[in-house]
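Read the structure below first, then the notes.
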Amino acid sequence: MGKIVEEFIFYGDDIRIVHFPEETRLLYANPPLEPLADFRQAIIQAINNPIGATPLEKQIKSTSRVTIAFDDPCLPIPLMLNDTRGIVIEELLKLLFSKGIKKEQIQIICANGLHRKWTLKELSIILGKRVVGAMGSKISCHDGTKEDELVFLGTTENGHEVEISRAVVDSDITIYVNLNFTSMNGGWKSIMVGLGSWRSIRHHHTPHQWNGKQSIMNPDSNEMHKILREMGSIVRSKCNVFQIECVVNNQVWPWPLDRMLCPIHSGRRTNQPGLFTKGALFAASCAPQNIKQGVRNLLRSDYKPCAIFAGEVDAVHSKTLDVLFKQQNVKVDQQADILVLGVPNLSPYSSQSVFNPILLRSLTLGYLLGMFRNNPLVKEGGVVVAYNPGIEKFHPQHHPSYIDFWKKDLEKFYDPMECWDALSEKYANNSEYIRKYQDDYAYHGTHCLMNWMWSGMSLKNLNAVILAGARQPDTARKIGFIPEPDFDRAISMAKEMAGRDATITYPVIPPLFCVDVP
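Quick note on numbering: our numbering labels position 472 of the sequence shown as 463, and the sequence is numbered without any gaps.
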């Protein structure tokens, strides 16, 4: 393997270059799949030749009432320079208008589920100026709490209540425009979560499904996805849903950032970071924190569309997953005793917002640790070394229930299952949280509990998580991590816990990828 000298690693809002022990196994992403040569033409081809459905053009007429729904700006990370969802919706509007459908017959809904609502300016990051200019007054965000905007469709054989946006039921056709960045999204999750209510979502967002052992990145076996498909069968029987799913490749940064920062794909780096790169990263690290946060929220990726499918939900998603697994999944021969994770201040739930300690825990132990299909990358009872400063900071408008949980309830309900059982309905029915969700761009009251529960279930499977580079030891301890300010000492501490012969693995991101461990 040769001696490993140094490698890039995320550290909050910085990218550092650190030395790894010689025995460290470095994992790299697959190379980017070739982008579609003409994306707009590919959109037209997909909707004219759908999978398992009648072509869109034949389903609509001048009197049709149409709902177009799309994923919210939580993903991808970072958001795109030219988001595929906006381009697809542009082409859909052209088709609808050409069929004599008027603007008043169309509504465009951001499928934010129990995430916060978004301003029109924020949605324009996805939709683009043309869509916002043409449809501004007809663009809205889903509300999962207002009874008059929801419809109860029934209960599945296993007792799961199905309640979704009234717009889906009242429309002649709902066209869902999805961007697939990871295999946890898409399929029936789009409507059942994005356009669902707490009454429904509480059935599949529990410790049973989010247990840290069954990966949410494996739709075939994960319990959450099974429930979503079960619920989807009821929606299919009562509503007309036409799914459009676009897969993007993993070309993270535009040139020349990509050449400077991204590792060699599918193998070892052959060139070490040069003096210019080191100097640029050091200079960036010296910027004030408020500047870094501003840059983070302005950061855009150069992901390119590499596939698009349209038609019946399950048939479309099967094709989507085939491409996603080819792009995202890397085969790894065995689990590690110690897993090193570079943790950026980039959570889906800090998009255009603030990265807080609960999001740090869920990003580390939910998303990054959960990027596997069969078995976790780290052994049960293993040690995770997470590299992040761990700063206590919250956005009071976007994350009010997070703040209350952090200050009032965390210590009493530290256990993830007790937390969920005792607090989920209480937080869901808190009138102040409901008001802020409905009117003030706040995440639903239960959202903090979902992140705490998910990350807590994963923590149960580990020996320890060491927060390397920790600047606030008490904050690290409060989320169950062991603080260690120095990266090298954190690695040494992990070796002491796991044994001197312990195997060490570091997945080098970006780009983000998923592992297949037999």
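Glycine included, C-beta positions come from ideal geometry on N, C-alpha and C. Bear in mind the structure is a predicted one, so any value in this text is a computation, not a measurement.
Those runs of the alpha helix (DSSP H) which lie wholly inside the region 316 to 367 and span at least 4 residues = 348 to 353
Within 10 angstroms of its Cβ, does C277 collect 16 or more other Cβ (buried), or is it exposed?
-> The residue you call residue 277 lines up with position 286 of the sequence shown. Exposed, because fewer than 16 other Cβ atoms sit within 10 Å of the Cβ of C277.
Pairwise C-alpha distance: F30 and I192 | The residue given as residue 192 occupies position 201 in the sequence shown. The residue given as residue 30 occupies position 39 in the sequence shown. When rounded, the distance between both Cα atoms is 34 angstroms.
From E81 to K486, what distance separates their C-alpha atoms?
-> Counting from one through the sequence shown, the residue named residue 81 turns up at place 90. Counting from one through the sequence shown, the residue named residue 486 turns up at place 495. Their Cα atoms are separated by approximately 54 angstroms.
Distance between Q242 and P23 (C-alpha atoms, nearest Å) | Taking the first residue of the sequence shown as 1, we reach residue 23 at position 32. Taking the first residue of the sequence shown as 1, we reach residue 242 at position 251. Those two C-alpha atoms are separated by around 6 angstroms.
Helix, strand or coil: which one does DSSP assign to I255?
-> For the purposes of this step, residue 255 is taken as the residue at position 264 of the sequence shown. For I255, the predicted model reports a pLDDT of 49, less than 50, meaning its position is unreliable and no value from the coordinates is stated.
Going by Cα to Cα distance, which pick from Y418, F88, P502, V506 is closest to W244?
-> Mapped onto the sequence shown, residue 244 falls at position 253. For W244, the nearest C-alpha among the options comes from P502.
Tell me where the beta strand (DSSP E) around D74 begins and ends.
-> For the purposes of this step, residue 74 is identified with residue 83 of the sequence shown, where counting begins at 1. D74 -> no beta strand (DSSP E), and no H or E assigned at all.
Length-filtered (4 minimum) alpha helix (DSSP H) runs lying within the region 126 to 168 | 157 to 161
Can you tell me where the alpha helix (DSSP H) with Q510 in it begins and where it stops?
-> As shown, the chain starts at -8 and ends at 509. That puts residue 510 outside it, with no answer to give.
On the three-state DSSP scale, how would you describe R16?
-> Here residue 16 refers to the residue found at position 25 of the sequence shown. R16: strand per DSSP, three-state reduction.
Under a three-way DSSP split, which group does K370 fall into?
-> Working through the sequence shown from its first residue, we reach residue 370 at position 379. Three-state DSSP puts K370 in a strand.
Should the region 438 to 453 be regarded as contacting the region 401 to 415, the criterion being three or more beta carbon pairs within less than 8 angstroms?
-> yes
Alpha carbon of H256 to alpha carbon of V323, nearest angstrom = Numbered from 1 along the sequence shown, position 265 holds the residue referred to as residue 256. Numbered from 1 along the sequence shown, position 332 holds the residue referred to as residue 323. For H256, the predicted model reports a pLDDT of 47, less than 50, meaning its position is unreliable; a value from the coordinates is still stated below. Those two C-alpha atoms are separated by around 14 angstroms.
Residues near Q463 in its chain [Cβ-Cβ closer than 7 angstroms; skip 5 each side] = As a first step, residue 463 is located in the sequence shown; it is residue number 472 there, counting from the start. Excluding positions up to five away in sequence, the list reads G381, I382, E383.
Residue closest to G3, alpha-carbon to alpha-carbon, out of T58, L354, L27 | For this step, residue 3 is matched to residue 12 along the sequence shown. Of the listed residues, the one whose Cα sits closest to G3 is L354.
Exposure of F88, with buried meaning 16 or more beta-carbon neighbours within 10 Å | If you number the sequence shown from 1, residue 88 lands on position 97. F88 comes out exposed.
For N169 and Q234, the rounded distance between their alpha carbons = The count along the sequence shown starts at 1 and reaches residue 234 at position 243. The count along the sequence shown starts at 1 and reaches residue 169 at position 178. One C-alpha to the other measures close to 8 angstroms.
Exposure of N281, with buried meaning 16 or more beta-carbon neighbours within 10 Å = Here the question's residue 281 lines up with position 290 in the sequence shown. N281 comes out exposed.
Comparing the C-beta of G460 with each C-beta of chain C, is any distance below 8 angstroms?
-> Checking the listed chains, one finds no chain C in this structure; it contains a single protein chain.
Coil, strand or helix - R7 by DSSP = Counted from its first residue, the sequence shown places residue 7 at position 16. Of the three classes helix, strand and coil, the one that applies to R7 here is strand, per DSSP.
Hey, is the region 54 to 65 in contact with the region 86 to 104, meaning 3+ C-beta pairs nearer than 8 angstroms?
-> yes
Hey, would you say E152 sits closer than 8 angstroms to R190, going by beta carbons?
-> The residue labelled residue 152 in the question sits at position 161 within the sequence shown. The residue labelled residue 190 in the question sits at position 199 within the sequence shown. Yes, these two residues count as a Cβ contact at 8 angstroms.
Looking at the structure shown, is Y432 part of a helix, part of a strand, or coil, going by DSSP?
-> For the purposes of this step, residue 432 is taken as residue 441 along the sequence shown, with counting starting at 1. Coil.
Any chance the region 202 to 213 sits against the region 359 to 378, with 3 or more Cβ pairs inside 8 angstroms?
-> yes
Assign V304 to one of three DSSP states: helix, strand, or coil.
-> If you number the sequence shown from 1, residue 304 lands on position 313. DSSP places V304 in helix when its eight states are reduced to three.
Touch check for the region 331 to 350 and the region 59 to 75: three-plus C-beta pairs under 8 angstroms?
-> yes
Beta strand (DSSP E) containing E402: first to last residue?
-> Sequence index remark: in the sequence shown, residue 402 carries index 411 (1-based). E402 -> no beta strand (DSSP E), and no H or E assigned at all.
How many angstroms separate the CA atom of N176 from the CA atom of M208?
-> Position 185 of the sequence shown, counting from 1, holds the residue named residue 176. Position 217 of the sequence shown, counting from 1, holds the residue named residue 208. Cα to Cα, N176 sits roughly 8 angstroms from M208.
Reducing DSSP to helix, strand and coil, say where Y418 ends up.
-> As a first step, residue 418 must be located in the sequence shown, where it is residue number 427. Y418: helix per DSSP, three-state reduction.
Would you identify the three-state DSSP class for Y424, choosing helix, strand or coil?
-> Reading the sequence shown from its first residue, position 433 is the one you call residue 424. Helix at Y424.
Counting only the same chain and skipping the five closest in sequence on each side, list residues whose C-beta sits under 6 angstroms from that of V331.
-> In the sequence shown, residue 331 corresponds to position 340, counting from 1. Within the same chain, V331 has close Cβ partners V376, Y497.
Quick one: what's got a C-beta closer than 7 angstroms to F404's C-beta in the same chain, skipping five residues either side?
-> On the sequence shown, position 413 is the one that residue 404 refers to. Answer for F404: C410, A413, L414, listed in chain order.
Compare the C-alpha of V232 against each of T311, L289, I166 and name the closest.
-> Locating residue 232 in the sequence shown gives position 241, where the first residue counts as 1. The candidate whose alpha carbon is nearest that of V232 is I166.
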